[in-house]
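Structure, as structure tokens:
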Amino acid sequence: MAVEDLHGLIHFVLKSPTSLQTLFKPLQAALLRHHAPTSLYNTLIQTLSSSNSHSLSLSLYSLMLTSSSSVPDALTFPPLLKSCSRLRDLPLGRSLHCHLSSLALRSDVSISNSLISFYSRCGLLASSRQVFDGMPRHARNVVTWTSLIGAYVRHGQLESALSLFRAMLDSGIRPNRPTFLSVIPCVSDAKLADDLCRLISDEGLDGDGYLRNAVVRMYMRCGKIDYARKLFDSMEEKDLVTWSLMVDGYGRADMYFEALELFREMKVRGIFPDYVALLGLIRACVNSTMGSLAQARFVHGITVRSLLDRNVMVGTALVDLYVKRGRLRTARRLFDRMEEKSLVTWSTMISGYGMHGFGKDALDLFDRMKDLVRPDHIVFVAVLSACSHAGLIDQGWRCFYSMERDFGVVPRAEHYACMIDLLGRAGKLTEAQEFIERMPIPPDSSVWGSLLGACRIHPDEKVAEFAARSLFEMDSENSGRYILLSNVYTSLGKIKEANRIRSLMKRRGVKKTAGYSVIEVKNKTYKFLVGDETNPNSGLIYRELEKLMDRIREAGYVPNTNFALHDLEEETKERSLYVHSEKLAIVFGLMYLGPDSEIRIHKNLRVCGDCHNATKFISEVTGREILVRDSHRFHHFSGGRCSCGDYW
DNA sequence: ATAGGGTTAG
1 MAVEDLHGLI HFVLKSPTSL QTLFKPLQAA LLRHHAPTSL YNTLIQTLSS
51 SNSHSLSLSL YSLMLTSSSS VPDALTFPPL LKSCSRLRDL PLGRSLHCHL
101 SSLALRSDVS ISNSLISFYS RCGLLASSRQ VFDGMPRHAR NVVTWTSLIG
151 AYVRHGQLES ALSLFRAMLD SGIRPNRPTF LSVIPCVSDA KLADDLCRLI
201 SDEGLDGDGY LRNAVVRMYM RCGKIDYARK LFDSMEEKDL VTWSLMVDGY
251 GRADMYFEAL ELFREMKVRG IFPDYVALLG LIRACVNSTM GSLAQARFVH
301 GITVRSLLDR NVMVGTALVD LYVKRGRLRT ARRLFDRMEE KSLVTWSTMI
351 SGYGMHGFGK DALDLFDRMK DLVRPDHIVF VAVLSACSHA GLIDQGWRCF
401 YSMERDFGVV PRAEHYACMI DLLGRAGKLT EAQEFIERMP IPPDSSVWGS
451 LLGACRIHPD EKVAEFAARS LFEMDSENSG RYILLSNVYT SLGKIKEANR
501 IRSLMKRRGV KKTAGYSVIE VKNKTYKFLV GDETNPNSGL IYRELEKLMD
551 RIREAGYVPN TNFALHDLEE ETKERSLYVH SEKLAIVFGL MYLGPDSEIR
601 IHKNLRVCGD CHNATKFISE VTGREILVRD SHRFHHFSGG RCSCGDYW
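Letter 402 of the first sequence, counting from 1, is numbered 402 in the UniProt record's numbering, and no numbers are missing.
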């Protein structure tokens, strides 16, 4: 009777593991009464762990410790460690590690493999590595290698993951499906992608649907969009994920129309888009350099009609979309209407205020959020940069000091960069320099970039050179840094030095990014390059531009030739300022937009000092509202002033 | 038995 009782219970538990919740007490009693052997415990633990009943599997381990009939063995620990890693229970996992060591089970491969995965899931990459290094070479199998590769991927160390993969191949271990699934996301180089595909087919895995999805995404990431599309088209069984990742890939590649077309086509083919596919479409819209406000509203409409607008991620993406289109009040309305908000939702709205120069609103929102969610390091970047853009110096410092003290968020290089920015805008260059020297972590290019950027507003040769020395080593490909330093020299009248930097840039073969401005007129967007004459009305545009320049000169505008093309004569320099893409776009807007519409411009680079100044005057003499979004933030020009306030 | 898992907002 009693034995049947135990068998019945176990049978029931194995068939439906979740039922153990209620049956745990009788099972516990039965296991102890019948002196259940280790193998029985192992089976139960294994079943529970693989059916996501992690607490229950761990409580059977506790029970095992109290029983006299069973001692854990090599098969007991792997599922237990898995349960610990799913529960992120580091202390318990560590005690399991101690226990199994005392039972001399450390040399078991499966246990070592489980430990590698456990430590990495609990955030201790170094411990994973320690376990791996402690294993004899011959004991490491595919699982061992794959676990360690996965550990590095989880910690974002993709290069290391790739070199481990190579080391694994070198030691004669053949990769399998899980190995490829871990390695494929590390690849962002087309050559490497081809190599990997060869290996996949060598292993006879090229028919695997999951792998093929991952491969399509890999080629999108490598920039081989057309090839990815070819693979996509050749796939016979495309599921929701296949479609979604392709839509998202187009979105990341700034190919809005292709993304939209695919989104429509999937519906036609009877695959109904879920929120992930929709996120891809919204991302395409956000990224779209030629994106208009009407386009944003259109995508918003699709979202509402798909009944997916209550999803937190979708809601957040829409808030971001309106922020990026310069529609802060609409963004805020959507934000307020969201029933569920995540950390990301809050940080999107806060950084939105920051980008638009509304430091006070950013701080107010941050105050409200503090009581509801624990801010992370990204929220603090948003808050600190909002303070620096709005010149809220005291609040910025208060925030910086409280982040670690009150929220346990240890400042990273980006946070220091914000503070350097804050000091720099206030003209406290010496303090900024000293602050960098006192940093407990090594300054990165964002920190040096902030210091150099401060010299744009407060030119200082020594400080600029100090910043540039480190910067040109760390970030030598970034043309903006060279131009910035050269402009600092120019504004100090050191033309020879300025030219030296320009030629250094040429010598190093650093490519200048071509700047452009996009303007929205009647739901359509028009793109202007420097000296652009491709517009059919360019003759007219240039004549209007001349007139406008005369008007703002009368109002007090003085051209700042520091921003002119470099190797020109002084008089030509002044004229070359007129062909900056931004001025062309503004004139185009003045000519073709109704008198009440706001002029909206989107630039891929930062707005230059001369254009910024000129735009202030244009807003004054024409009485127009001008909104410029550059690579960094927004500038609202109105009545001769700009929201950013501090720019030249 | 042990590893891994394709899309996901700042």
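All C-beta atoms in this analysis are idealised placements derived from N, C-alpha and C, irrespective of residue type, glycine included.
Only a predicted model underlies this, so the values are computations on that prediction, with no experimental measurement involved.
- Query: Where does Thr47 sit, in a helix, a strand or coil, going by DSSP?
  - Reply: Start at 1 with the first residue of the first sequence, and residue 47 comes out as number 47. Shown here, Thr47 sits in a helix according to DSSP, grouped into three states.
- Check whether the stretch 608–625 touches the stretch 579–592, counting contact only when three or more Cβ pairs, one atom from each stretch, lie closer than 8 angstroms. yes
- Alpha-carbon spacing of Gly359 relative to Arg633, whole angstroms: As a working note, residue 359 is residue 359 in the first sequence. As a working note, residue 633 is residue 633 in the first sequence. Roughly 13 angstroms separates the two Cα atoms.
- Message: Looking only at its chain, what residues have a beta carbon closer than 6 angstroms to the beta carbon of Pro443, apart from the 5 residues adjacent to it on each side?
- Response: Walking along the first sequence from the start, residue 443 turns up at place 443. Counting only Cβ-Cβ distances below 6 angstroms, and skipping sequence neighbours, we find Ile436.
- Task: Buried or exposed for Pro440, please, with buried defined as at least 16 other CB atoms from any protein chain shown within 10 angstroms of its CB.
- Result: The residue you call residue 440 lines up with position 440 of the first sequence. Pro440 counts as exposed, since fewer than 16 other beta carbons sit within 10 angstroms of its beta carbon.
- Query: Applying the criterion that 16 or more other CB atoms from any shown protein chain within 10 Å of the CB defines a buried residue, is Gln21 buried or exposed?
  - Reply: Indexing the first sequence from 1 puts residue 21 at position 21. Under this definition Gln21 is an exposed residue.
- Item | Continuous alpha helix (DSSP H) stretch holding Ile552: start and end | The residue you call residue 552 lines up with position 552 of the first sequence. That run of the alpha helix (DSSP H) goes 538–554.
- Under the three-state reduction of DSSP, which class applies to Cys642: helix, strand or coil? Taking the first residue of the first sequence as 1, we reach residue 642 at position 642. Looking at Cys642 - three-state DSSP - the assignment turns out to be strand.
- Query: Around the Cβ of Tyr516, are there at least 16 other Cβ atoms within 10 angstroms (buried) or fewer (exposed)?
  - Reply: As a position in the first sequence, residue 516 is number 516, starting the count at 1. Buried, by the Cβ-count rule.
- Query: Exposed or buried, Lys82, counting other C-beta atoms within 10 Å across all chains shown (16 or more means buried)?
  - Reply: Indexing the first sequence from 1 puts residue 82 at position 82. By the neighbour-count rule (16 or more Cβ atoms within 10 Å), Lys82 is buried.
- Message: For Tyr416, list the residues DSSP reports as bridge partners.
- Response: Numbered from its first residue, the first sequence carries residue 416 at position 416. Its beta-bridge partners do not exist; DSSP assigns none.
- Residues bridged to Thr525 by DSSP? Working through the first sequence from its first residue, we reach residue 525 at position 525. Answer by DSSP bridge pairing, in chain order: Glu520.
- Message: For Leu590 and Gly509, what's the separation of their Cα atoms in angstroms?
- Response: One-based indexing of the first sequence puts residue 590 at position 590. One-based indexing of the first sequence puts residue 509 at position 509. Each residue's alpha carbon lies about 38 angstroms from the other.
- Query: Helix, strand or coil: how does DSSP classify residue 655 here?
  - Reply: Residue 655 lies beyond the range of the chain shown here (1 to 648); nothing can be said about it.
- Check Val530 in the structure and name its three-state DSSP category. Counting from 1 along the first sequence, the entry for residue 530 is found at position 530. In the structure shown, Val530 sits in coil (DSSP, three-state: anything other than H, G, I, E or B).
- Item | Anticipated Cβ contact below 8 angstroms, Thr146 with Ser182, distance rounded | Residue numbering aside, residue 146 sits at position 146 when the first sequence is read from its first letter. Residue numbering aside, residue 182 sits at position 182 when the first sequence is read from its first letter. The pair is a contact, with the Cβ atoms about 6 angstroms apart (cut-off 8 angstroms).
- Item | Glu554 Cβ short of 7 angstroms to the ligand NAP heavy atom set | The ligand NAP is not part of this structure, which contains no ligands at all.
- Item | Extent of the continuous beta strand (DSSP E) to which Arg368 belongs | Numbered from 1 along the first sequence, position 368 holds the residue referred to as residue 368. Not the beta strand (DSSP E): Arg368 falls in the alpha helix (DSSP H), residues 359–370.
- Give, in chain order, every unbroken run of the alpha helix (DSSP H) that is at least 4 residues long and sits entirely within the stretch 303–384. 312–324, 328–337, 343–355, 359–370
- Query: Starting from Leu627 and walking both ways along the alpha helix (DSSP H), at which residues does that stretch end?
  - Reply: Position 627 of the first sequence, counted from the first residue, corresponds to residue 627. First-last for Leu627: 626–629, but that is the beta strand (DSSP E), not the alpha helix (DSSP H).
- Look at the Cβ atom of Gly640, then the Cβ atom of Ser619, and state whether they are nearer than 8 angstroms. Residue mapping note: residue 640 aligns to position 640 of the first sequence, counting from 1. Residue mapping note: residue 619 aligns to position 619 of the first sequence, counting from 1. The answer is yes: Cβ separation under 8 angstroms.
- Would you mind sorting Arg329 into buried or exposed? The rule is 16 or more other CB atoms within 10 Å of its CB. Counting from 1 along the first sequence, the entry for residue 329 is found at position 329. Label assigned to Arg329: exposed.
- Should Gln295 be labelled buried (16 or more other beta-carbon atoms within 10 Å of its own) or exposed? Along the first sequence, read from residue 1 onward, the residue named residue 295 stands at position 295. Its Cβ being crowded by 16 or more others within 10 Å, Gln295 is buried.
- Query: Per DSSP, which one or two residues make a beta bridge with Lys603?
  - Reply: Position 603 of the first sequence, counting from 1, holds the residue named residue 603. Paired residue(s): Ser517.
- Smallest Cα separation from Tyr322: which of Leu307, Leu343, Pro91, Leu293? Numbered from 1 along the first sequence, position 322 holds the residue referred to as residue 322. The shortest C-alpha to C-alpha distance from Tyr322 to any of Leu307, Leu343, Pro91, Leu293 is the one to Leu293.
- Task: Quick one: residues in its chain with C-beta nearer than 7 angstroms to the C-beta of Leu422, no 5 flanking neighbours on either side, listed in chain order?
- Result: The residue labelled residue 422 in the question sits at position 422 within the first sequence. If we look at Leu422 and ignore the five residues flanking it on each side, its Cβ neighbours are Cys387, Ser388, Ile393, Gly396.
- Item | Straight-line gap, Ala228 to Ser450 (C-alpha atoms, nearest Å) | On the first sequence, position 228 is the one that residue 228 refers to. On the first sequence, position 450 is the one that residue 450 refers to. A direct Cα-to-Cα measurement between Ala228 and Ser450 gives close to 38 angstroms.
- Message: In whole angstroms, give me the CA-to-CA distance for Ala362 and Phe165.
- Response: Position 362 of the first sequence, counted from the start, is the residue given in the question as residue 362. Position 165 of the first sequence, counted from the start, is the residue given in the question as residue 165. Cα to Cα, the separation comes out at about 45 angstroms.
- Task: Check the DSSP bridge columns for Phe637 and list the partner residues they point to.
- Result: Within the first sequence, residue 637 is the residue found at index 637, counting from 1. BP columns for Phe637 point to Ile626, Cys642.
- Query: If you draw a straight line from the alpha carbon of Thr179 to that of Ile149, how long is it in whole angstroms?
  - Reply: Residue numbering aside, residue 179 sits at position 179 when the first sequence is read from its first letter. Residue numbering aside, residue 149 sits at position 149 when the first sequence is read from its first letter. Their Cα atoms are separated by approximately 8 angstroms.
- Item | Proximity below 8 angstroms, CB of Phe380 to CB of Met403 | Along the first sequence, one-based indexing puts residue 380 at 380. Along the first sequence, one-based indexing puts residue 403 at 403. Yes, these two residues count as a Cβ contact at 8 angstroms.
- Same chain, Cβ closer than 8 angstroms to Val314, neighbours up to 5 away in sequence not counted: As a position in the first sequence, residue 314 is number 314, starting the count at 1. Within the same chain, Val314 has close Cβ partners Tyr275, Leu278, Leu279, Ile282, Thr303, Leu308.
- DSSP-derived helix/strand/coil call for Asp202: Here residue 202 corresponds to residue number 202 of the first sequence, with the count starting at 1. Correct three-state label for Asp202: helix.
- Message: At the level of alpha carbons, what is the spacing between Glu574 and Pro559?
- Response: The residue you call residue 574 lines up with position 574 of the first sequence. The residue you call residue 559 lines up with position 559 of the first sequence. Computed Cα separation, rounded: 6 angstroms.
- Task: Could you tell me whether the stretch 370–380 touches the stretch 337–348, using the rule of 3 or more Cβ pairs below 8 angstroms?
- Result: yes
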